[in-house]
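To keep things clear, I will list the structure first and then write my remarks on it.
In the working numbering, the protein residues as written are 2 to 468.
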């Protein structure tokens with residue numbers, strides 16, 4: 002029996018779309034753990050699968066045509082965010098015109114938020130909304146579309162939308178990610194991002210129990226679901242076996258269950274695994290303690306990133322962040338005492354922000370002793386409370402999703418109290434004040450010389466700050 006062939010791909014502009022970021026020098030490719038997981042589901046269901054990662058491709062449409070022409074897949078699965086919806090239309094139209102027999106499946110954040118909008122695209126045949134693992138397995142197994150939950154599809158000119166797929170309760174039941182379908186050598190990162198390369202990624206849990214007003218929870222939901230300690234460390238081992246030298250954790254909430262997070266570190270130590278890893282996301286300042294960071298360091302984790310957002314407690318309350326400035330200071334202090342590098346993410350132009358509170362955020366960022374800091378201007382993403390509030394108040398100027406970029410989202414909405422001229426000025430002010438402080442420059446220079454990374458740091462600085 003011939004196996005069903007599935008080609009999974011992301012969008013060519015996955016990284017390039019952020020090319021105007023104030024920190025464009027530290028944008029680098031990391032493999033999509035979601036594509037590796039979905040590929041694992043295709044193989045588990047008895048299908049054949051390939052992954053086409055286009056994020057760094059110089060000739061993406063040539064690669065698409067060449068790969069489909071040679072592989073001749075039955076289905077092409079494309080994933081995209083709201084910002085990349087227009088590019089997804091272009092890619093799917095290109096595929097359909099050249100290979101009309103291929104069924105195109107769209108999934109990811111934007112198709113989950115707007116399945117009715119996405120399925121109306123003529124070149125898209127099927128939309129998967131929500132978690133796609135089980136849904137994709139059932140498509141590969143040849144089940145009738147009307148029996149598969151989590152789908153929208155077309156019957157002639159009629160659009161059909163099935164009931165949602167339930168969230169997967171036991172994440173250990175999912176097949177292992179198919180990392181063997183990717184070439185690790187594609188994911189070489191600058192030293193500013195990773196100590197070692199190639200860099201792999203891992204997802205150890207899904208869902209976030211917190212309700213920050215700017216955050217979308219459409220795909221994985223508000224309930225925390227976690228892989229077991231054994232399963233997580235098995236996945237770490239698989240990545241190492243496949244040739245990845247460093248692993249970045251891509252979780253909504255790695256440390257929600259702090260006991261589990263510590264046990265993952267203990268199991269890495271028990272197995273005597275030697276590899277570099279970092280908590281690129283998923284660690285909240287109110288969900289950690291001193292012991293956690295010390296265990297992380299012993300297990301080979303050398304860097305942690307925090308989403309601080311603001312340097313004002315009232316602003317934090319207004320966005321339902323659930324954290325305080327004191328908790329933030331303690332978390333950074335504990336991480337640094339354990340010997341970890343620290344990164345911080347901040348947001349400017351939050352709904353109740355003023356010039357005063359944004360100045361407080363900049364001063365707060367400078368006071369923490371962070372190794373890296375990055376700010377974005379608030380973008381009210383669809384299906385978030387902020388988006389709904391701005392839409393209700395008539396503050397949205399456009400729903401042209403190509404403009405909803407955290408780094409270049411000029412004038413997509415009217416801020417309640419701040420002009421876009423002020424927002425953009427503070428965006429630049431944040432990074433200039435943080436990175437051009439004499440104390441920071443001296444610290445980075447000494448650190449770079451000590452670690453033998455001076456050339457890498459100079460390259461990053463040129464790429465970042467030289468227009």
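No residue lacks a Cβ here, since even glycine has one placed at the ideal position from N, Cα and C.
Cα separation between residue 107 and residue 138?
Their Cα atoms are separated by approximately 15 angstroms.
Give every residue of the same chain whose Cβ lies closer than 6 angstroms to the Cβ of residue 241, excluding the five residues on either side of it in the sequence, and list them in chain order.
276
Determine which residues share a DSSP beta bridge with residue 377 and list them.
348
Exposed or buried, residue 2, counting other C-beta atoms within 10 Å across all chains shown (16 or more means buried)?
Exposed is the call here.
If you drop the 5 nearest sequence neighbours on each side, which residues of the same chain put their C-beta closer than 7 angstroms to that of residue 303?
196, 277, 279, 341, 342
Go ahead and pull the three-state DSSP assignment for residue 251.
Residue 251 carries a coil assignment under DSSP once its states are collapsed to helix, strand and coil.
Could you tell me the distance, in whole angstroms, from the CA atom of residue 148 to the CA atom of residue 119?
Residue 148 and residue 119 have their alpha carbons spaced roughly 20 angstroms apart.
Strand pairing of residue 1, partner residues [DSSP]
With the chain covering 2 to 468 only, the question about residue 1 has no answer from this structure.
Which same chain residues, not among the five before or five after residue 259, have their C-beta less than 8 angstroms away from its C-beta?
288, 289, 290, 293
Under three-state DSSP, which class holds residue 397?
strand
Identity of the residues DSSP links to residue 161 by a beta bridge:
154
Mark residue 344 as exposed unless 16 or more other C-beta atoms lie within 10 angstroms of its C-beta, in which case mark it buried.
Buried, since its Cβ has 16 or more Cβ neighbours within 10 Å.
Opposing strand residues paired with residue 226 [DSSP bridges]:
In the DSSP secondary-structure assignment, residue 226 is bridged to 207.
Among 339, 133, 228, whose alpha-carbon lies nearest the alpha-carbon of residue 299?
339
Pick from 65, 54, 333 that is closest to residue 188, judged by C-alpha positions:
It is 54.
So which of 431, 423, 404, 372 has the shortest CA-CA distance to residue 448?
372
Starting from residue 424, trace the alpha helix (DSSP H) both ways and give me its first and last residue.
421-436
Decide if residue 391 is buried, meaning its Cβ has at least 16 other Cβ atoms within 10 Å, or exposed.
buried
Identify the residues that DSSP records as bridge partners of residue 302: which are they?
278
Going by alpha carbons, who is nearest to residue 282 out of 57, 225, 413, 252?
252
Determine the DSSP secondary structure at residue 3, reduced to helix, strand or coil.
coil
Spatial neighbours of residue 50 in its chain, beta-carbon cut-off 7 angstroms, leaving aside the 5 residues before and after:
7, 9, 40, 43, 44, 179, 182
Might you give, ordered along the chain, the residues of its own chain that have their beta carbon closer than 6 angstroms to the beta carbon of residue 309, omitting 5 neighbours on each side?
329, 345, 347
Please state whether the Cβ-Cβ distance between residue 231 and residue 172 is less than 7 angstroms.
no
Closest to residue 431 by C-alpha separation, out of 363, 325, 212, 80, would be which residue?
363
Looking at residue 378: is its Cβ nearer than 7 angstroms to the Cβ of residue 349?
yes
For my contact list, residue 324 and residue 286 are in at a C-beta cut-off of 8 angstroms; report their separation, rounded to the angstrom.
5 angstroms
Pairwise C-alpha distance: residue 376 and residue 12:
24 angstroms
Does residue 29 come out as helix, strand or coil in the three-state DSSP assignment?
coil
Touch test, the region 215-223 against the region 89-103, Cβ-Cβ under 8 angstroms, three pairs minimum:
Segment contact: the region 215-223 against the region 89-103, fewer than three CB-CB distances shorter than 8 angstroms; contact not assigned.
Which listed residue (204, 112, 4, 29) has its alpha carbon closest to that of residue 384:
112
Please report the straight-line C-alpha distance between residue 85 and residue 414, rounded to a whole angstrom.
Answer to the nearest angstrom: the Cα atoms are 19 angstroms apart.
For residue 104, list the residues DSSP reports as bridge partners.
76
For residue 24, is the classification buried or exposed, using 16 other Cβ atoms within 10 angstroms of its Cβ as the cut-off for buried?
Residue placement at residue 24 cannot be trusted, given a pLDDT of 47 that sits under 50; what the coordinates show is reported in the next sentence. Counting Cβ neighbours within 10 Å, residue 24 comes out buried, since at least 16 surround it.
Bridge partners of residue 200, per DSSP?
247
Roughly how many angstroms separate the alpha carbons of residue 312 and residue 263, rounded to a whole number?
28 angstroms
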